[in-house]
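What follows is a short report on a single structure.
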Amino acid sequence: MPALPFDGDVQRRSSSVTGPVSMCSTNTQADTVSGARAHERALKRLARRIASAWLAVVLALALVPAAHAVPLQRTQFDHLTTGFELVGQHRDLPCEACHFNAVFKGTPRDCAACHGVGTTVRATAKPATHILSTQRCDACHTPIAWKPAVTFDHTQALGSCSSCHNGVQAQGKGATHIDTNLECDACHSTIGWAGAVFRHTGVTSGCARCHDGVKSTGMPANHIPTNGAPCESCHSTTNFTTFAGTVMGLTAHQAVIGAGVACNACHETAPYLGMKPSTATAAADSRPSAALDKNHPLTGDCGQCHDTSTFANSALRPANHIPTNGQCVQCHTTAGNYALYSVTATHQGVTSCLGCHGPTVAGTFANIKITTQPGNHIPTGNLDCNGSGCHSTSNVSTGG
């Protein structure tokens with residue numbers, strides 16, 4: 002910086018111009034004017050020197066490199082050179098969020114070292130509802146966002162499936178899931194929910210709780226009427242297609258008829274799955290036409306003549322069967338053995354006791370021994386047994 006003049010220098014220069022006081026008085030006025038002009042010139046020189054000095058300072062500052070003139074911008078630093086690339090949420094954080102007290106060396110790079118309870122950085126930690134896992138955060142999550150987790154390695158999962166897949170930590174069973182207490186992996190794989198195969202082992206009843214057409218496959222529209230008879234009456238729990246609509250056994254027929262389905266509900270025209278209508282040349286599952294069997298009744302319930310195991314003539318109901326409009330299974334509750342019957346069931350729907358217990362008919366029916374009025378029975382006149390006030394169809398014991 003140039004040297005600046007000071008008062009002594011100005012005074013010396015002024016005195017050299019004005020001269021001693023003892024000079025001739027005729028020069029006094031001229032000397033005074035000359036001294037004033039010299040002083041003015043000195044002040045102007047001083048001002049020029051001060052201005053030059055400040056200009057030098059400004060120029061010097063202008064020549065300082067830009068790196069020292071302004072703070073370093075973040076975009077000018079490649080964070081990848083540290084071995085930790087800033088992507089996703091990390092990219093928008095201020096430096097001091099991770100680097101405390103301007104200390105850069107030793108900043109952790111592992112997710113859990115920052116995203117954990119009690120860490121220096123105090124970044125968002127795993128919540129209490131997080132699934133149990135030994136995996137690193139970045140094995141499932143990305144720096145872009147926590148949710149959704151991109152991948153999950155089930156080989157590192159701790160505990161059972163339902164400990165995570167409970168609708169809180171991870172997706173649980175939906176509203177239409179079948180009723181079960183089994184663990185997820187009993188049917189599903191870790192690859193995906195779809196394609197699950199339900200293992201019916203141990204399931205012996207209650208099929209309709211799942212097979213309702215919503216949770217799982219239900220009865221097709223052309224299924225035979227069942228009146229609520231359980232699926233397992235006809236189908237197997239180990240193989241749902243055991244009954245494929247081609248053969249319906251005796252047990253299945255007994256179950257359906259026992260539920261109140263009349264034979265002709267299916268066998269009148271055979272419109273249901275697996276059934277074949279009879280033709281003019283071949284008998285099948287429906288009532289035969291007059292062209293095929295002119296002696297076959299055109300109306301009436303099949304059970305009046307046929308049993309539930311076959312339509313063959315050998316299985317026809319005997320001609321001397323007790324008079325009844327009830328289904329076979331009402332009385333014959335043991336499948337395949339029609340010699341056995343329920344006494345109580347034979348009286349259901351009966352209104353005329355003497356039709357079987359009359360002395361002229363009681364001993365004429367097949368496979369049954371019917372009691373009639375003994376010779377010493379009190380006289381009843383024209384009263385039927387159930388109208389006498391002594392007996393009833395619900396209690397056939399002597400004396401009612």
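Read in order, the letters of the sequence shown correspond to residues 2 to 401 in my numbering. We put the beta carbon where it would ideally sit given N, CA and C, even for glycine. Keep in mind that this is a model prediction, so the values were computed, not measured.
Exercise for the section: Report yes if the C-beta distance between residue 256 and residue 234 is below 7 angstroms; otherwise report no. Expected result: Taking a C-beta distance under 7 angstroms as the contact criterion, residue 256 and residue 234 qualify as a contact pair.
Practice task
Flag this pair as yes or no: are the beta carbons of residue 386 and residue 354 separated by less than 7 angstroms?
Solution key: yes
Exercise for the section: Starting from the C-beta of residue 1, find all residues in its chain whose C-beta is less than 8 angstroms away, skip the five residues before and the five after it, and write them out in chain order. Expected result: Residue 1 is absent from the structure shown; the chain starts at 2 and stops at 401.
Practice task
For residue 343, I'd like the list of residues in its chain whose CB is within less than 7 angstroms of its CB, leaving aside the five on either flank, ordered along the chain.
Solution key: Answer for residue 343: 332 and 334, listed in chain order.
Handout entry: Proximity winner among 200, 170 and 196, relative to residue 182 (alpha-carbon distances)
Key = Per the Cα distances, 200.
Problem - Segment contact, 8 angstroms Cβ cut-off, at least three pairs: the region 130-143 with the region 153-167 - result: yes
Practice task
Would you list, in sequence order, the uninterrupted alpha helix (DSSP H) runs of no fewer than 4 residues that lie entirely inside the region 110-183?
Solution key: 112-115
Handout entry: 7 angstroms Cβ cutoff met for residue 228 and residue 262
Key = yes
Practice task
Can you tell me which of 145, 122 and 112 puts its alpha carbon nearest to the alpha carbon of residue 104?
Solution key: 122
Exercise for the section: Classify residue 205 as buried or exposed, calling it buried when 16 or more other Cβ atoms lie within 10 Å of its own Cβ. Expected result: exposed
Exercise for the section: Starting from residue 331, follow the alpha helix (DSSP H) in both directions and report where the run begins and ends. Expected result: 329-332
Practice task
Go ahead and label residue 211 buried or exposed: buried means 16 or more other beta carbons lie within 10 angstroms of its beta carbon, across all protein chains shown.
Solution key: Counting Cβ neighbours within 10 Å, residue 211 comes out buried, since at least 16 surround it.
Handout entry: Cβ distance (whole Å) where residue 287 is taken to contact residue 300 below 8 angstroms
Key = The Cβ separation is near 13 angstroms, so there is no contact.
Problem - Distance, residue 157 Cα to residue 202 Cα - result: 29 angstroms
Practice task
Take the Cβ of residue 303 as the centre, count every other Cβ of all protein chains shown within 10 Å, and call the residue buried at 16 or more, exposed below.
Solution key: buried
Handout entry: Among 369, 368 and 391, the one whose alpha carbon lies nearest that of residue 379
Key = Per the Cα distances, 391.
Practice task
Can you have a look at residue 96 and say buried or exposed, based on whether 16 or more other CB atoms are within 10 angstroms of its CB?
Solution key: With fewer than 16 Cβ atoms within 10 Å of its Cβ, residue 96 is classed as exposed.
Practice task
Helix, strand or coil for residue 252, going by three-state DSSP, please let me know.
Solution key: helix
Handout entry: Residue nearest to residue 346 in terms of C-alpha spacing, selected from 365, 326 and 361
Key = 326
Handout entry: Helix, strand or coil at residue 386 according to DSSP, with G and I counted as helix
Key = helix
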